[in-house]
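Each remark here refers to the structure printed beneath this line.
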């Protein structure tokens, strides 16, 4: 993997009042960058950075090698008990709204029209009630029989299947991971589908939050079974991304899972940018981490803007003056 640098004007100069954080996704052959702003969740003593409360979107066209005019995006929700997951499916970008507290539940699904978010499906209005525990959500890279796989953890990790067919969608519970398969009570931070198997990447609470670089949960989607699996390698030969793990994860066209950029812990509470790219091989047998020769450019502040186009195997990383 090698990176081509395309000089561009900073897209933030085009949007008027730029946000501090963004989410990037690929749709209709373009790289779309969506603003994210902080939203208080005062009823739950929480807060998060999301796009669904409104902002802007701007596209980079790889054919013209230029950014297009920004689009002002109206809010689609103001719920405090809501979270969002960006999903790419069949060349389209979707925004899935879930609950944020209690047990995993779903609110609605929207499709990006390049002008606004168009509602595809209402799943209901879950009520958190007295719940104060945060739901941990993660989207698996790849697909299972054309469907997207989503993990959510309240008490236990639950695996859901999102089926999108034209202007309709459905979500079904696929599997619940047992306590025996998740002895550390870990949270999903990512995942990848390979054949009939789902590999769940984990993070654990301790002194802060720590990504588990050598421990995964493997779910056999057809048999509805799950088990803990380890990477049997020396610790020094594993990726050193800390906290929630790599900034971006993706499934390559040759069936490997790549972890792209992150932060490495320094001292008790400090961190530094880690520009490494790692490849996880053996997704259906013996897992092994391999460091790639490619390095990614450093992020601007705390905002790492990147996306991977699985359909053509292309990685986009956005900096102040280049894509």
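Numbering (this note's numbering), first residue to last: 86 to 408. Even glycine gets a Cβ: it sits at the ideal position worked out from N, Cα and C.
Sheet register partners of residue i (DSSP bridge)
i           : result
residue 366 : 373
residue 385 : 388
residue 359 : 347
residue 281 : DSSP lists no partner for residue 281.
residue 293 : 291
residue 107 : 120
residue 206 : 194
residue 330 : Note: residue 330 sits in no beta bridge, so no partner.
residue 313 : 302
residue 407 : 92
residue 125 : 132
residue 400 : 393
residue 112 : 115
residue 354 : Per DSSP, none; premise fails for residue 354.
residue 221 : 238
residue 229 : 232
Cβ separation of residue i and residue j, assumed to be a contact under 8 Å, to the nearest whole Å
i           : j           : result
residue 279 : residue 368 : 4 Å
residue 194 : residue 124 : Actually they are not in contact, since the Cβ atoms of residue 194 and residue 124 sit about 20 Å apart, beyond 8 Å.
residue 381 : residue 345 : 6 Å
residue 225 : residue 276 : 4 Å
residue 407 : residue 91  : 6 Å
residue 300 : residue 315 : 6 Å
residue 358 : residue 383 : 5 Å
Spatial neighbours of residue i in its chain, beta-carbon cut-off 6 Å, leaving aside the 5 residues before and after
i           : result
residue 350 : 327, 356
residue 341 : 364, 366
residue 211 : 184, 190
residue 159 : 139
residue 248 : 232, 255
residue 400 : 393
Neighbourhood of residue i by C-beta, 8 Å cutoff - its chain only, sequence neighbours within 5 removed
i           : result
residue 268 : 313
residue 133 : 123, 124, 126, 168, 185
residue 307 : 281
residue 266 : 302, 311, 312, 313
residue 100 : 120, 141, 143, 155
Close beta carbons around residue i, own chain, < 7 Å, minus the five adjacent residues each side
i           : result
residue 376 : 361, 363
residue 296 : 274, 288, 326, 327, 328, 329, 330
residue 204 : 193, 195
residue 135 : 121, 124, 169
residue 161 : 137, 195, 202
residue 257 : 245, 246
residue 87  : 379
residue 107 : 118, 119, 120, 121, 388, 390
residue 174 : 233, 249
residue 337 : 343, 398
residue 163 : 138
Query raised in the report: Enumerated in chain order, which unbroken segments of the beta strand (DSSP E) with a length of 3 residues or greater are wholly contained in the stretch 134 to 191?
Result: 140 to 146, 156 to 158, 168 to 174, 177 to 183
Query - Inter-stretch contact (C-beta, 8 Å, three-pair minimum) for the stretch 185 to 204 and the stretch 235 to 251 - result: yes
Query raised in the report: Do the stretch 106 to 125 and the stretch 379 to 395 meet, that is, are 3 or more Cβ pairs less than 8 Å apart?
Result: yes
**Report entry** Cβ contact check for the stretch 209 to 224 and the stretch 135 to 154: 3 or more pairs under 8 Å
**Finding:** no
Report task. Let me know the beta strand (DSSP E) ranges lying completely inside the stretch 232 to 287, each 3 residues or longer, listed in chain order. Result -> Listed in chain order, they are 233 to 238, 242 to 250, 253 to 261, 272 to 279.
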